[in-house]
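**Student:**
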Amino acid sequence: MKDYKISLKTIQLIPIRIGDHSKLFTLMNKIYKDAYSDFWIDGGDWYLDLCYNPENLKKELSRERSHYFFVEYEKETVGILKYDFPFSPREVEIPNAMKLHRLYLDSSVQGNGVAKELMEYIEEVAIKAGIDWIWLEAMVSKPQAKRFYEKMGFEWVLTYHLEFERLFEEVRRIQIMKKRV
1 MKDYKISLKT
11 IQLIPIRIGD
21 HSKLFTLMNK
31 IYKDAYSDFW
41 IDGGDWYLDL
51 CYNPENLKKE
61 LSRERSHYFF
71 VEYEKETVGI
81 LKYDFPFSPR
91 EVEIPNAMKL
101 HRLYLDSSVQ
111 GNGVAKELME
121 YIEEVAIKAG
131 IDWIWLEAMV
141 SKPQAKRFYE
151 KMGFEWVLTY
161 HLEFERLFEE
171 VRRIQIMKKR
181 V
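Numbering (UniProt numbering), first residue to last: 1 to 181.
1) For Gln110, which three-state DSSP category applies?
2) What are the start and end residues of the alpha helix (DSSP H) that includes Ile31?
3) Would you call the segment 46 to 58 in contact with the segment 116 to 123, where contact means no fewer than 3 C-beta pairs closer than 8 Å?
4) If the criterion is Cβ atoms closer than 7 Å, does the pair Ile176 and Leu162 meet it?
5) In chain order, what residues of the same chain have a beta carbon less than 6 Å from the beta carbon of Ser141, not counting five sequence neighbours either side?
6) For Leu81, which residues from the same chain have a beta carbon less than 6 Å from its beta carbon, with the 5 sequence-adjacent residues on both sides left out?
7) Do Trp133 and Ala97 have their C-beta atoms closer together than 7 Å?
8) Can you give me the Cβ contacts of Glu123 inside the same chain, cut-off strictly under 7 Å, excluding the 5 residues immediately before and after it?
9) On the premise that Phe154 lies in contact with Lys128, defined as a C-beta separation below 8 Å, what is that separation, rounded to the nearest angstrom?
10) Identify, in the order they occur along the chain, each residue of the same chain with its Cβ nearer than 8 Å to the Cβ of Arg63, setting aside the five sequence neighbours on each side.
11) State the DSSP-derived secondary structure class of Tyr4, mapped to helix, strand or coil.
12) Determine the DSSP secondary structure at Lys82, reduced to helix, strand or coil.
13) Counting only the same chain and skipping the five closest in sequence on each side, list residues whose C-beta sits under 7 Å from that of Ser107.
14) Specify, as a first and last residue, the run of the alpha helix (DSSP H) that Phe148 falls within.
15) Taking the C-alpha atoms as reference points, what is the distance between Gly111 and Lys58?
16) If we ignore side chains and look at the alpha-carbon of each, how far apart do Gln144 and Met152 end up?
17) Check whether the Cβ atoms of Val78 and Leu48 lie closer than 7 Å to each other.
18) Using a 10 Å radius around the Cβ and a threshold of 16 neighbouring Cβ atoms, would you call Ile18 buried or exposed?
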């Protein structure tokens with residue numbers, strides 16, 4: 001995990017630390033619920049607690065392969081970026097790969113090129129690390145995300161079904177997508 005701020009063209013990446021738990025949870029409570037609350041019987045509360053509880057954050061930050069950041073744009077914290085490498089999915093073999101694990105942005109900055117800049121950044125990281133593939137998971141019921149990833153060069157690999165009981169049945173399909181670096 002990098003210990004310092006990374007400056008890109010228009011954004012800053014600020015490493016997330018265990019002491020940032022409250023800030024992370026508050027941010028994701030807004031961003032995630034704005035995008036996905038209608039996918040869950042409880043509005044996404046269970047999933048937010050699963051992913052962003054202090055114990056899980058500590059576990060994720062302790063992994064050598066994890067890189068976890070707040071995204072700052074125009075001096076405001078507008079999202080998160082997390083990628084892990086080397087990391088191949090369980091469902092299908094993608095050798096020598098990086099997972100784009102989390103990329104969430106506040107709706108106020110969508111369409112401003114922030115996500116594209118982040119994608120270009122992780123591709124640079126992958127190239128420097130000698131990684132062959134970047135992969136991610138995208139919900140089938142979020143076609144705008146799939147279109148964005150396709151525009152960035154990602155291709156469909158596999159669709160599978162999430163087994164989260166609190167997730168409505170009709171939105172449980174998720175796709176693994178990959179891009180050769």
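Yeah, the Cβ is synthetic: ideal placement off N, Cα and C, and Gly gets one too.
**Tutor:** Looking at the coordinates:
1) coil
2) His21 to Tyr36
3) no
4) no
5) Val171
6) Phe69, Val71, Leu103 and Leu118
7) yes
8) Ile134 and Val181
9) Their Cβ separation, rounded to whole angstroms, is 20 Å, which puts Lys128 and Phe154 out of contact at 8 Å.
10) Asp84
11) coil
12) strand
13) Asp34
14) Pro143 to Lys151
15) 32 Å
16) 12 Å
17) no
18) exposed
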